[in-house]
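A.B. asks: In my numbering, the protein residues as written are 1 to 303.
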Ligand SMILES: NC(=O)c1ccc[n+]([C@@H]2O[C@H](COP(=O)([O-])OP(=O)(O)OC[C@H]3O[C@@H](n4cnc5c(N)ncnc54)[C@H](OP(=O)(O)O)[C@@H]3O)[C@@H](O)[C@H]2O)c1
């Protein structure tokens with residue numbers, strides 16, 4: 001499982017980071033985190049922990065994994081991410097997104113590792129009317145958002161060194177996401193609709209992974225918003241993706257109410273990643289560029 005650079009590789013002109021253990025390594029973000037860190041010579045052995053062997057609701061499996069991986073950094077990408085399903089499965093959502101994350105952080109502290117927790121834009125109510133910064137007051141509207149916020153609190157309470165990285169509207173290869181769904185619908189029906197009054201920060205899982213690498217290498221600690229630059233609506237995302245994929249389909253504007261769902265979601269949860277840039281010098285590219293690249297690659301046209 002070693003990445004070929006050994007456990008104490010050194011980045012050119014930089015410091016060795018050591019081994020990294022990734023929890024939830026087979027999800028959308030987890031796969032890209034593993035891939036990005038394995039490609040980066042600053043990191044040692046990047047160990048993948050996924051279900052069923054490493055289950056956050058079974059602390060003994062997390063303990064065994066970390067004992068074997070000997071990580072300097074643990075990155076938790078595991079979560080219950082089906083926002084609507086969380087409404088009906090409250091105990092399960094909290095058991096993983098809150099208690100599971102908190103317990104994993106306590107185990108990481110015992111191993112002397114920095115713990116990185118992925119969190120969500122859904123900790124906000126979306127009524128600010130401007131991009132959210134890290135100091136903004138949280139006010140989740142859904143079970144998912146509440147469970148992620150409680151996860152943040154428990155990770156902080158674990159008493160070790162931590163980074164909480166709030167991200168949003170992820171897309172990338174390997175798991176169905178909003179961009180994939182728009183592209184499939186455009187191809188199959190020749191028409192897609194996207195809400196113009198649902199805004200956020202569409203984020204490439206690959207760009208998230210590169211930004212996490214930058215945070216780790218900068219020895220950053222604390223709360224960060226990690227998203228592609230610029231906000232956009234669901235309609236904007238659909239249109240950008242369909243155009244970049246070269247699909248001759250109509251993209252029609254719609255309203256949030258046209259897509260009824262079980263969970264209440266924030267109307268505008270756009271995040272600002274300015275603190276990330278300030279503290280690490282790392283900038284995350286505009287989301288339009290990332291969506292266009294992903295959609296063009298998915299269509300086989302390349303960019
Ligand atoms: N996706 C988004 O748009 C979005 C937006 C904001 C924040 N986030 C946050 O970003 C992080 C990564 O999300 P993602 O999109 O990569 O999620 P994802 O694709 O749903 O992956 C989550 C992973 O967690 C694993 N998992 C589920 N239950 C587990 C358990 N009990 N123990 C261990 N692993 C378990 C899943 O395993 P299986 O493969 O077995 O199901 C899956 O591999 C999460 O913290 C999420 O809250 C995501």
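Don't be surprised by glycine CBs; every beta carbon is placed ideally from N, CA and C. Predicted, not measured: the structure shown is a model, and the values here were computed from it.
With burial defined as no fewer than 16 other Cβ atoms inside 10 Å of the residue's Cβ, what is the status of residue 150: buried or exposed?
C.D. replies: Numbered from 1 along the chain shown, position 150 holds the residue referred to as residue 150. So residue 150 ends up on the buried side.
A.B. asks: In the structure shown, what three-state DSSP assignment does residue 259 receive?
C.D. replies: Here residue 259 refers to the residue found at position 259 of the chain shown. Reduced to three states, the DSSP call for residue 259 is coil.
A.B. asks: Report the partner residues of residue 73 according to the DSSP bridge assignment.
C.D. replies: For the purposes of this step, residue 73 is taken as the residue at position 73 of the chain shown. Residue 73 pairs with 20 and 114.
A.B. asks: With residue 252 and residue 152 assumed to form a contact (beta carbons below 8 Å), what rounded beta-carbon distance in angstroms separates them?
C.D. replies: Along the chain shown, read from residue 1 onward, the residue named residue 252 stands at position 252. Along the chain shown, read from residue 1 onward, the residue named residue 152 stands at position 152. Actually they do not touch by this definition, with Cβ atoms about 37 Å apart.
A.B. asks: Measure the beta-carbon distance from residue 66 to residue 25 and round it to whole angstroms, keeping in mind my assumption that it falls under 8 Å.
C.D. replies: For the purposes of this step, residue 66 is taken as the residue at position 66 of the chain shown. For the purposes of this step, residue 25 is taken as the residue at position 25 of the chain shown. Not confirmed; about 13 Å, so no contact.
A.B. asks: Provide the residue span of the alpha helix (DSSP H) that contains residue 44, from first to last.
C.D. replies: Looking up residue 44 in the chain shown gives position 44. Looking at the DSSP string, residue 44 is not in any alpha helix (DSSP H); the run it does join, the beta strand (DSSP E), is 43-49.
A.B. asks: Mapping the DSSP letters down to three states, classify residue 124 as helix, strand or coil.
C.D. replies: Locating residue 124 in the chain shown gives position 124, where the first residue counts as 1. Residue state, collapsed to three classes: coil.
A.B. asks: I'd like the list of long-range same chain contacts for residue 143, defined as Cβ closer than 6 Å, with 5 residues on each side in sequence excluded.
C.D. replies: Counted from its first residue, the chain shown places residue 143 at position 143. Excluding residues within five positions, the ones whose Cβ falls inside 6 Å are 86, 87, 90 and 93.
A.B. asks: From the DSSP output, in three-state form, read off residue 285 for me.
C.D. replies: Counting from one through the chain shown, the residue named residue 285 turns up at place 285. Reduced to three states, the DSSP call for residue 285 is coil.
A.B. asks: Work out the CA separation of residue 110 and residue 297 for me, nearest whole Å.
C.D. replies: By 1-based counting over the chain shown, the position of residue 297 is 297. By 1-based counting over the chain shown, the position of residue 110 is 110. Using only the alpha carbons, I get a separation of about 43 Å.
A.B. asks: So which of 53, 178, 56 and 159 has the shortest CA-CA distance to residue 200?
C.D. replies: Residue numbering aside, residue 200 sits at position 200 when the chain shown is read from its first letter. Among 53, 178, 56 and 159, the Cα nearest to that of residue 200 is on 178.
A.B. asks: How many angstroms separate the CA atom of residue 254 from the CA atom of residue 155?
C.D. replies: Along the chain shown, one-based indexing puts residue 254 at 254. Along the chain shown, one-based indexing puts residue 155 at 155. Cα-Cα distance, rounded: 38 Å.
A.B. asks: State the DSSP-derived secondary structure class of residue 192, mapped to helix, strand or coil.
C.D. replies: Here residue 192 corresponds to residue number 192 of the chain shown, with the count starting at 1. Three-state result, residue 192: strand.
A.B. asks: Return yes when the C-beta of residue 51 is under 7 Å from any heavy atom of ligand 1, and no when it is not.
C.D. replies: The residue given as residue 51 occupies position 51 in the chain shown. Yes, Cβ of residue 51 sits closer than 7 Å to a heavy atom of ligand 1.
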